[in-house]
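Enquirer: Provided herewith is a single structure, encoded as structure tokens, for subsequent inquiry.
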Amino acid sequence: MQSNGFVPQRSYPRTKKIVFWAKIGILLLIVSYIFITVTRQQHDFQSAWGYWQNANWLSFSAFLLLLLTPVNWLLEALKWQILVRRVEPITLGEATQGVLAGLAMGFALPAQLGDTAGRLLSLRSDQRWEGIGAALVSGGMQFFAALFFGTVALFVQLQVGAKEMPMAQWALFWLLLLTLLLGGLAGWFRHRLAHLPFRWMQRWEKYWAVAAHYTTAELWLAFGAASLRYLTFSLQFYLAMTLFEIHLPARETATGIGLVYLGKTIIPAFNLLSDLGVREATSMWVFGQWQVPATQILSATLTLWLINILAPVLVGLFWVWKLKLTNRSS
């Protein structure tokens, strides 16, 4: 597409034997963490089993819930395709492979390290590591979307119970507004990222400088994909609640879902294995104010985790094996 002026980096070929055992190690690590995560949640799965047995899995809600899972990750792949094409033009299928490989690796590795590595290793270009900036912007867009909708949900919650809400929640609301403003300013002044004034940081510029070359249209397209994805898994949350007979007024349902995803976004995931514990705790706390039984909301959140995270991770294991740990041209 556009020329970004990046200088191709020297490739360092490795032997096929090293690549083979590196893949074996990555796959074993991911499978081990999946096993540990499921084992840790055994009690929760047992608690939810009764509700799963009584749920109507042949209903329209269940069908749509499952159908939206590929839509969810295709939107993430579309966002990645829009942003990474500054480094390397890829098809939507290739973007999906990279996203699923990153999801699988991110399941085992801390923070966003695994997710970013999986996406970058799926690229063909010898400039693949210069896509770090694209990965950061992609994650930032999803964070920004969750922050935006979560802030709206928090505002509605504050308006409904304005007299009962502690000052700490109003302080959080204004802090979130400030964060959104700072995020907007960062996007507005993004072109300065290409030439940082700090000499000690200039040696790393090439890894995030791609963020400075995005047009406003590209950023809006990426944010649109992030917003559509947010609305998709929010709809899945609602469908999971319906499946387990959780019925609340529309305002409480939408507000609760927004607050759950807000909490999942801003609360650090101390559990390096997945965000499952954060999602559970936040959901039970938020919906507990409307007297939703803990086991029911737990059943809904575990179902979301199984179909939106665990199932795609298992698919992503295949693409982890297909990753080229060396440049494809070498």
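Quick note: the sequence shown, position 29, residue 593 per the working numbering, numbers continuous. Note that the Cβ used here is the ideal one computed from N, Cα and C, for glycine as well.
1) What first and last residue would you give for the alpha helix (DSSP H) that runs through residue 738?
2) Pick helix, strand or coil for residue 679, following the three-state DSSP scheme.
3) Would you identify the three-state DSSP class for residue 873, choosing helix, strand or coil?
4) Could you tell me which of 803, 827, 683 sits nearest to residue 633, measuring between CA atoms?
5) Using the Cα positions of residue 910 and residue 663, report the straight-line distance between them to the nearest angstrom.
6) Would you kindly report the start and end of the unbroken alpha helix (DSSP H) that includes residue 780?
7) Return the chain-ordered list of same chain residues with a C-beta closer than 7 Å to the C-beta of residue 879, the five sequence neighbours on each side being excluded.
8) Evaluate residue 623 with the Cβ neighbour count: other Cβ atoms within 10 Å of its Cβ, from every protein chain shown; 16 or more gives buried, anything less gives exposed.
9) Out of 708, 709, 707, 736, point me to the one whose CA is closest to residue 721's CA.
10) Expressed to the nearest angstrom, what Euclidean distance is found between the alpha-carbon atoms of residue 883 and residue 661?
11) Applying the 10 Å Cβ sphere with the 16-neighbour rule, what's the burial state of residue 738?
12) Consult DSSP for residue 618 and reduce its assignment to one of helix, strand or coil.
13) What do you get for residue 678, buried or exposed, if any count of 16 or more other CB atoms within 10 angstroms of its CB means buried?
14) Three Cβ pairs or more, each shorter than 8 Å: is that satisfied between the segment 702-716 and the segment 778-794?
15) Check whether the segment 615-630 touches the segment 795-809, taking contact to mean three or more Cβ pairs, one atom from each stretch, closer than 8 Å.
16) Any heavy atom of the ligand FAD closer than 7 Å to the beta-carbon of residue 648?
17) Should the segment 744-755 be regarded as contacting the segment 858-872, the criterion being three or more beta carbon pairs within less than 8 Å?
18) Can you name, in chain order, every residue of its own chain whose Cβ lies under 6 Å from the Cβ of residue 834, other than the five neighbours on each side?
19) Taking Cβ positions, are residue 681 and residue 669 nearer each other than 8 Å?
Expert: A quick look at the data gives this:
1) 731-752
2) helix
3) helix
4) 803
5) The displayed coordinates of the chain run from 565 to 894. Any statement about residue 910 would go beyond what the structure contains.
6) 780-807
7) 664
8) exposed
9) 736
10) 6 Å
11) exposed
12) helix
13) buried
14) yes
15) yes
16) Ligands in the displayed structure: none, and consequently the ligand FAD is not present.
17) no
18) Unreliable placement is indicated for residue 834, whose pLDDT of 43 sits below 50; no coordinate value is reported for it.
19) yes
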